[in-house]
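For reference, the structure is listed below as C-alpha cells.
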Ligand SMILES: Nc1ncnc2c1ncn2[C@@H]1O[C@H](COP(=O)(O)OP(=O)(O)O)[C@@H](O)[C@H]1O
Ligand SMILES: [Mg+2]
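Protein chains in written order, with the numbering used here: chain A, 54 to 129; chain X, 54 to 129; chain G, 4 to 744; chain L, 50 to 279.
As C-alpha cells, then:
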C-alpha cells in the first residue's frame, strides 16, 4: 500500500482569513513572535498498489484544490 | 526567518466526512483505486528568528489542534 | 521603477499608455486628455478606466434609466431615491428601510463560492453605508440546465458561498429564486437583494464635506485581489469555450471582518461620528475617493502611502484599483476622530487616516512624495461617457411570437402531467438550497421561503414589518421585454400583497447580454420602459437597482432577465398571511384564467418550447387584487393566500397543500388543463374560514370563485386526478437532492 | 442568593462574530429574566446568576468553531464560575466553545452532509432535571430550529458510553439526525446538571410568530424557575 500526501494552500496573493484570525489570536494566548500564518488543507490518500504520480497530480488539480485560488504540493 | 509546518488530522477513530466524500467522488471522476482519503489541515507558521520547538508544540496543542479529536505533526 | 507622476505626465505627452487593455476606447482616452489638459498618469488612467467602465458608470444604460425618475410616482415615503448607494423609504414609527439588489454574475461563474460570497458582502456594505443595520437577504439565482455538469460545479458553490457569507454575518435569507435554463449555461445569474433598517433621521450619505475633515479607510487591508475586476472581470465577454477571456482575478471574502465592520459602523453611526461614508466595492479606493469628493466640498488630498497593505509590492495603480473586500471609507471631523478610532479598536477594526477634505476642487493623491493623481473628481465619478447605443428589434422576434404554444399537443392524463410538472427543476421544492440558509438569526423572521415573500419584523414594540419578494421570468421577457418586465413587477408585487403587506417601493437588477448588440439594447430599453411605466401605474417608485451587461457566451446573449424586487409594508406582522392550507378551510380562486401558455413552464418542461406571447398583464387588476389581499389580511379574513405564477393553479395548490400537510378537494369548471396549468397573471388562491372575504371581493369587484376545500390526505381534483400527498411530496422534494447531492 | 424583587440576571456573552446574542437576550427577557450583555473582553461577570454563550461564528469559526473564543478573557471567569456551580448554557457556537473549553466532553465537527443545515428539528428532552431543563416533562418531544455547519457531536466511544451511562445526554435528535451526531446527541450536560450545551437554538423558538413554536422558551424559564426557587 502506498500513501501520498497532498497539501493545498491558497495562492500567496489571495487573502487567507483563517490564517489572519490565528495570527491575531496568538498574542492573546501569550504566544508572541509569530509573524504570519497561512492555513491550508492536508490530504492523505491511500493507494492499494504503487502510485501513479500523474494520477495524483490530476486528482489534486480537479478535486482537492481549486486552481483558481489554490496551489498544491504532492509528497509521496 | 524560520518556517514551521503543523499538520492536523482527525484521529483515526473519528469519522471524516470530507475524506469520505472525496473517496466516493473519485471513481465518478474516473479515478479508481484510491482506497482511503483523510482530510486535515495544514498550517504554515513564520517566525522572525529561530524557532523554539516547545512553543510550536504548545501552539499546536492549545490552538491549532483540538486534542479531543485531532492529532498533529510538526515539520520544521 | 520610476513613478509616473503628474509632472512626468505633463513633460512626456506622447508616452503611450495601454488604455485599450483597460477597456478604454480611443475617444474616451482623448476625452480624459482633454479634461486634464495633458495625458493622464498611469494612476489617473487606472481610476478613469474603472470608473468609466460599464459596471461603474452605467454609460450604456443611463439614458434609459432616467425614466425611473421621470416617471416616478409621487411618494412621500421616499427619503432617498436613486443615485445613492441604496434607496431609503420612511416606514413610520421613526424608522426607515433601505433595500437594493446587486449582481455578481461573472465572478460567480469563475469561482462560484467566492464570487457569490463576495456578492453578498458587496450589497450588504451598500446597505450598511446608508446608515442601516442589514436585516435580511434574498438571492435570485439562475443557472444552466439542472442536469448539466457545469451546473453541478457552479450551483453548489454559489449556494454554499451565499450561505457561508450570509450565515456568518448573521443575516437571515428569507427568499430568492432558483431558475434553470440553458441560456444561463456559462452565464449564471447570481443576484443578491439586501434589506436594512435605520432611524428615519439617520440616513448617511457618501459625501466628503468640511475642509480639514479627515478621510479614513477602515476594515480589511488592501491586497492584490480583484485588481481590474470591475472593468475587466465584471464586464468582459466570455469566449466560446466558456472560459474567462481575460485572466480572472478572484476576490476572497472574509465575512468575519465584515460582521465586525457592521457592528463597528452601527456604533459609529449611533454616536453620529461621520460626516460621510462610502463602501469600497468595485473600483475600490478610486470609487470611494472620487465619489465622496465630488458629492462634498469638492476636493480631497490623499496620501496613498498610508493605505494599509496586505501585499507590500502593490503599485499605486493597483492600490487604486484593488477590489479587496470588507473596506469602508469615512469622513470624520477632527474632534470626533479619537472616539471614532476608539470604537474601531473595540471591534478590532483597522482604521487609518489617509487624507483630508479640501476645497481645491481637485482630488490630489500622492505616493512616495510625488503627486500621481490630480483630477477634478466629478469627471471621474459622474461625468463619464454616456452612450445612446443603437437598438434594433430582434430579427427573430416575430417568428418566435408566431410560434404559438397552441400547436403543442395537450395532455389527456393530467395526473401524469401534474407529477412531471411539480418535479421539474424549475418547480421542484427548493429546500436543498434554502435549508443551507439561516432564516432565523436576528429573531425577526416572520415568513421566509417557501412563502410568497419574506416578512421581517422591524419594530418589536408595534409589530411593524416589511415584506420583500424578488421575481423575474426570462422567457416572458424574451418574448416581450416590455410586457415581460411588467409581469415580473406584477408577480413580485402580488407576492408581497399575498403575505398581507402593501407594496411601497421597487428595486431591480437588470441582467442582459452585450449592450453593443443592438438587439440586446432594444430588449434592455423595452424592459426599462416597461418597468418605469408599470411602477408609475402601480404607484411604487423605483428606489435603486443594478445593471449587469455582457451576460453572454460568444454572440449569444442570455434571455433578457430583469429581476424585480418589491418592498411592502405591514402594520402588524402578527396579521401576515401564510401560504399553508389549514384543514377545513374553503379554497377560493381570485381573478380569471385564460388560455395562456406562451413562455409557460408547461410548454418549456413538456416540450422545451418557447414561443407565442406571454400572459397579458393588467396592472389595475393587480392593484385591486393586492388591495383585497392586504385588506383581507388586516381584517383577519384569510387563513392562507398563495399567488399563482409559474406552473399555474396546479403548482400553487400543491405547494399550499404540502406546506399545510393537508390535502384538498377541488372541482374546476371548463377545460381542466387550462384551469390547472395556464399562467394568467393577476391571480391568487386564498383559504378562508367564513364568507366575509367573498363579500369583500364582491364589494371591490374582484372575481372570486370557490374551487374547493382543504381536507384529507390527497389532492383530489374532481373527475380529473387524485394524488396522495406523500406521492406529491416525494415528486416535489426529491429532484434537487437527486441532482446535487 | 437571588432576591425576589429583582429579576434574576442572565449574562449573554458577545464574542466578535457572535450572532444570536441579541436573540438570547430577548429569550431571557421573554422568560422573565434580566439579560445582561457581557463582552468577550470583560474582566468580571457583573454579578450575573447564570451565563448564556450564544450562537454565531465567533472569530469567524475560521480555525475550529469555538476554538479562539474559548480563550477570551471573559471565558476564564465563565470557566471558574461553572466549576463553582454557575449555570451556563451553550447554544450552538456556545456549545462548541464549552467543548473547546473542556467544560463539556467531546467536540463538534463538520456535519456529515458537509453542508450548513437550517431546519425545524424534533428533539426529545432526555434530562428534565438540569438547571436548564427542569421545567420540561421528562421525555418531552419538542421542535426547535437547528442551524449549523459544524454540529456533528463526536467523542470516543468510552466517553459516549459514560455520557449515556450517567444520563448526561440532555437532548436527542428525533425523526432524523440533521448532522450525523453520534448517537443522535443534540445536547449534553455536565455531571452536576448546571452546564448544558446543545446545537439547536431554543432562542429561536420562543413564540410561533418568529419560530416554529414556543418549545425553546422552557429552557430559559427552567433556569429562571430554578433561580427564583433557590
Ligand atoms: N435561491 C433561493 N433562495 C432563497 N429562497 C428561494 C430561492 N429560490 C426560491 N426561493 C423561495 O422559494 C419559494 C418559491 O419560489 P418561487 O416558486 O420562485 O416563488 P414565486 O413563484 O412565488 O415567486 C419562494 O419563497 C422563494 O422566495
Ligand atoms: Mg409566489
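Glycine included, each C-beta is placed from N, C-alpha and C at the ideal position. None of the values given here were measured: they were computed from a predicted structure.
I'd like to confirm the pairing. Which residues does DSSP put opposite residue 71(G) in its beta bridges?
Partner(s): none; residue 71(G) has no beta bridge.
Alpha-carbon spacing of residue 65(A) relative to residue 110(L), whole angstroms
22 Å
Between residue 373(G) and residue 14(G), which are expected to be in contact by the criterion C-beta below 8 Å, what is the C-beta distance as a whole number of angstroms?
Contact check for residue 373(G) and residue 14(G): beta-carbon distance about 13 Å, past the 8 Å limit, so the pair fails to qualify.
Would you mind working out which of 739(G), 289(G), 277(G) and 420(G) sits nearest residue 384(G), comparing C-alpha positions?
289(G)
Over what stretch of residues does the alpha helix (DSSP H) that includes residue 347(G) continue unbroken?
340-349
With a cut-off of 8 Å, does the C-beta of residue 74(A) fall near any C-beta of chain G?
Output row for residue 74(A): interface = yes.
Specify, as a first and last residue, the run of the alpha helix (DSSP H) that residue 736(G) falls within.
For residue 736(G), the enclosing alpha helix (DSSP H) has its first and last residue at 728-736.
Cα-Cα separation, residue 209(L) to residue 478(G)
56 Å
Would residue 98(X) pass as an interface residue toward chain L - the criterion being a Cβ-Cβ separation below 8 Å?
no
Take residue 400(G) as the anchor and find which of 358(G), 614(G) and 132(G) has the nearest alpha-carbon.
614(G)
Interface partners of residue 79(X) on chain A, CB under 8 Å:
112 and 116
Name, please, each residue of chain L whose Cβ falls closer than 7 Å to the Cβ of residue 82(A).
120
Enclosing beta strand (DSSP E) for residue 643(G) [first to last residue]:
Residues 643-646.
8 Å Cβ cutoff, residue 178(L) in contact with chain G
Residue 178(L) has a beta carbon lying at 8 Å or more from every beta carbon in chain G.
Beta-bridge pairing of residue 172(L) - partner residues as DSSP gives them
191(L) and 222(L)
Are the Cβ atoms of residue 582(G) and residue 662(G) separated by less than 8 Å?
The Cβ-Cβ distance between residue 582(G) and residue 662(G) falls below 8 Å.
Report yes or no: do the stretch 385-400 of chain G and the stretch 311-320 of chain G share at least 3 C-beta pairs separated by less than 8 Å?
no
Simplified DSSP assignment, three categories, for residue 359(G):
In the displayed model, residue 359(G) falls within a strand according to three-state DSSP.
Applying the 10 Å Cβ sphere with the 16-neighbour rule, what's the burial state of residue 216(L)?
exposed
Assigned exposure category for residue 261(G) - 16 Cβ within 10 Å defines buried
buried
Excluding five sequence neighbours on each side, which residues of the same chain lie with their C-beta closer than 7 Å to the C-beta of residue 240(G)?
At residue 240(G), the pLDDT of 33 sits below 50, so the modelled position is not reliable; the number obtained from the coordinates is stated separately. Hits under 7 Å: 248, 517, 553 and 555.
With a CB to CB cut of under 7 Å and the five nearest residues on each side skipped, what residues in its chain are close to residue 715(G)?
Closer than 7 Å at Cβ, skipping near neighbours: 666 and 668.
Below 8 Å between beta carbons is the criterion; list the residues of the stretch 85-111 of chain L that meet it against any residue of chain A, in chain order.
108, 109 and 111
Between residue 259(G) and chain L, is the shortest Cβ-Cβ distance under 8 Å, so that the two count as touching?
yes
For chain A, check one thing: does any of its Cβ atoms lie closer than 8 Å to the Cβ of residue 259(L)?
For residue 259(L), not one C-beta of chain A is nearer than 8 Å to its own C-beta.
Flag residue 90(A) as yes if its beta-carbon sits less than 8 Å from any beta-carbon of chain X, otherwise no.
Using beta-carbon distances, residue 90(A) counts as an interface residue toward chain X, with a partner under 8 Å.
Rounded to the nearest angstrom, how far is the Cβ of residue 147(G) from that of residue 153(G), given a contact under 8 Å?
Sure, about 6 Å apart at Cβ, within 8 Å.
To which residues of the same chain is residue 143(L) closer than 6 Å at the C-beta, ignoring the five residues directly before and after it?
102 and 103
Using a Cβ-Cβ cut-off of less than 9 Å, give me the residues of the stretch 108-131 of chain G that come near chain A, in sequence order.
113, 114, 116 and 117
Spatial distance of residue 474(G) from residue 181(G) (CA atoms):
10 Å
Going by Cα to Cα distance, which pick from 106(X), 88(X), 93(X) and 102(X) is closest to residue 102(A)?
88(X)
Proximity below 8 Å, CB of residue 220(G) to CB of residue 332(G)
Result yes, Cβ atoms of residue 220(G) and residue 332(G) sit closer than 8 Å.
At the 8 Å Cβ level, is residue 144(L) part of the contact set with chain G, yes or no?
no
Which residues in chain L have a C-beta closer than 7 Å to the C-beta of residue 70(A)? List them in chain order.
109 and 111
Just to confirm my understanding: we take residue 540(G), look at its own chain, exclude 5 residues before and 5 after, and list those with CB closer than 7 Å. What are they?
622
Output needed for residue 229(L): all residues of its chain with C-beta closer than 8 Å, excluding positions within five of it in sequence on either side, in chain order.
Counting only Cβ-Cβ distances below 8 Å, and skipping sequence neighbours, we find 160, 161, 162 and 201.
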